[in-house]
Amino acid sequence: MSVYFQSIFTAFATFLVLAFALTVPFLIYQYRKYNYINKFRALILYSFLYYCLVAFYLIILPLPPTRDTCSWIPAGRQFYQLVPFNFIKDIIKETSVVLSNPATYLRILKEPAFLQAFFNAILLLPMGIYL
Numbered sequence: 006m007s008v009y010f011q012s013i014f015t016a017f018a019t020f021l022v023l024a025f026a027l028t029v030p031f032l033i034y035q036y037r038k039y040n041y042i043n044k045f046r047a048l049i050l051y052s053f054l055y056y057c058l059v060a061f062y063l064i065i066l067p068l069p070p071t072r073d074t075c076s077w078i079p080a081g082r083q084f085y086q087l088v089p090f091n092f093i094k095d096i097i098k099e100t101s102v103v104l105s106n107p108a109t110y111l112r113i114l115k116e117p118a119f120l121q122a123f124f125n126a127i128l129l130l131p132m133g134i135y136l
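If you want our numbering, it's the 1-based position in the sequence shown plus 5.
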């Protein structure tokens with residue numbers, strides 16, 4: 006969990022610099038064009054910039070400790086999955102959940118296969134709100 010908090014803290018630290026560098030020229034342009042600054046639009050712009058930074062850093066950070074990451078990967082390895090809803094099959098395959106036994110359903114909340122799919126959905130949820 007500390008890796009995720011480190012990424013979020015890094016995003017917040019760089020957000021302060023990037024928010025000033027990217028949104029101040031936009032706000033100056035808005036002020037010269039309309040003779041006022043829409044505070045709600047500025048808040049939405051700041052929050053969208055922060056969301057993009059956090060999403061980027063959660064995906065990219067932490068970087069691997071070495072630069073030679075290609076030697077770890079076997080030849081012909083596939084990293085992407087193009088079959089829709091195949092994550093459900095992966096969750097059932099990788100967990101100890103028995104579909105006929107409802108008492109095992111709570112175990113799925115701690116399984117890495119479920120958590121990956123759940124947090125990917127949570128990561129994309131704000132993008133739908135901004136659109």
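Quick reminder that beta carbons are idealized off the backbone N, C-alpha and C, glycines included.
Option in the options with minimal Cα separation from residue i
i	options	result
Tyr-51	Thr-15, Ile-96, Ala-118, Leu-32	Leu-32
Asn-125	Ser-12, Thr-15, Phe-92	Phe-92
Leu-130	Lys-94, Phe-84, Ala-60, Cys-75	Ala-60
Lys-26	Phe-14, Leu-54, Ile-13	The amino acid occupying residue 26 in the given sequence is Ala; Lys does not appear at that position. For the residues Phe-14, Leu-54, Ile-13, the minimum Cα distance to Ala-26 belongs to Leu-54.
Phe-14	Pro-67, Pro-30, Leu-48, Ala-80	Pro-67
Tyr-48	Val-29, Ile-64, Lys-38, Asn-40	First, the amino acid is wrong: residue 48 is Leu here, not Tyr. It is Val-29 whose Cα lies nearest to the Cα of Leu-48.
Glu-99	Ala-122, Ala-108, Pro-89, Ala-80	Ala-122
Asp-95	Lys-38, Leu-128, Ile-113, Phe-45	Ile-113
Span of the alpha helix (DSSP H) around residue i
i	result
Lys-115	Premise fails: Lys-115 is in no alpha helix (DSSP H) and is neither H nor E.
Asn-91	91 to 99
Buried or exposed by the 16-neighbour rule on C-beta atoms within 10 Å, applied to residue i
i	result
Tyr-58	Reading off the sequence shown, one finds Leu at residue 58, where the question assumed Tyr. Leu-58 should be labelled buried.
Ala-16	buried
Ser-12	buried
Phe-119	buried
Tyr-62	buried
Ile-42	exposed
Ile-97	exposed
Those runs of the alpha helix (DSSP H) which lie wholly inside the stretch 30 to 54 and span at least 4 residues: none
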